[in-house]
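Notes to accompany the following structure.
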Amino acid sequence: MYHDVKKILYVSDLDKGSRPAFRAAVSLCGHYSEAQITYLHVIESLTGTTRSLLSNMMEKDELDDMLQKGIEALSIKIRGRIERFCAEELEEHEVLSLKNIEARIEEGTPWRKILEVGDEMNADVIVMGTRKHSALGQALMGSTATKTLTHSKRPVLIVPLGIA
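Just so we're on the same page, this note's numbering is the position in the sequence shown counted from 1, plus 824.
If you want it as structure tokens, here you go:
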């Protein structure tokens, strides 16, 4: 497969049932002694209409403060998930530890931000899950995994997660 995987970009939507994709990233990391995982969650940017509506209800500073607090809460949630995963699923002899995992939260169009972060960190592989959508749902909203896979210059491991 890959001779030297050192940087794994794992992407999560934080929905229930995403653990198998993280498990795949951890398993891949376990095969390479110096591998690191970057755990990425991308927040969709607010639309202009949403931002405008919120600006009518609160000051810009209040909105920025609310968004910052939300990001901090997400960061704590992600760190908690990682710690629970390590405590529940890793054996003492396994290579991975919390020091091998960095958590990041970014804002933007998910598939574009995933590729941007992958390029920035020079990821050796991107690992992400995908959920089954109806044909109409797939046609209307597309799939972040499909767009990431289609536009990526680097290997992408897609893990099926179940029904959305």
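From the three backbone atoms N, C-alpha and C, an ideal C-beta is built for every residue, glycine too.
Within 8 Å, strictly: CB atoms of residue i and residue j
i	j	result
Tyr863	Ile925	yes
Ala859	Val983	no
Ala947	Leu852	no
Lys831	Met945	yes
Ala969	Met952	yes
Leu887	Ser879	yes
Leu985	Ala897	no
Thr950	Val850	Thr is not the amino acid found at residue 950; the sequence shown has Ile there. No, these two residues do not count as a Cβ contact at 8 Å.
Boundaries of the beta strand (DSSP E) in which residue i is found, first to last residue
i	result
Tyr864	Position check: residue 864 holds Leu in this sequence, whereas Tyr was assumed. Unbroken beta strand (DSSP E) run through Leu864: Gln860 to Ile867.
Val835	Lys831 to Val835
DSSP beta-bridge partners of residue i
i	result
Glu931	Ile867
Val949	Ile832
Val983	Gly953
Ile925	Ile861
Euclidean distance between Cα positions of residue i and residue j
i	j	result
Gly972	Gly894	According to the sequence provided, residue 972 is Thr. The question's Gly does not apply to it. In a straight line, the C-alpha of Thr972 is about 26 Å away from that of Gly894.
Lys884	Thr874	13 Å
Glu907	His865	16 Å
Phe909	Val941	23 Å
Arg955	Gln892	29 Å
Leu914	Leu922	11 Å
Arg903	Ala911	12 Å
Ala974	Asp828	In the sequence as presented, Ala is not what sits at residue 974; that position holds Thr. Using only the alpha carbons, I get a separation of about 23 Å.
Leu877	Ile861	38 Å
Asp837	Gly854	23 Å
Lys937	Asp943	10 Å
Met882	Ile929	24 Å
Met890	Ser967	29 Å
Arg905	Leu939	23 Å
Element boundaries [alpha helix (DSSP H), containing residue i]
i	result
Arg978	No alpha helix (DSSP H) contains Arg978, which DSSP labels as neither H nor E.
Met882	Note, Met882: premise wrong, no alpha helix (DSSP H); not H, not E.
Ser851	Arg843 to Gly854
Q: Count the CB pairs spanning the stretch 973-980 and the stretch 840-857 that are closer than 8 Å, and state whether there are at least three.
A: no
(Q) Would the stretch 928-938 count as touching the stretch 861-876 if we require 3 or more Cβ pairs under 8 Å? (A) yes
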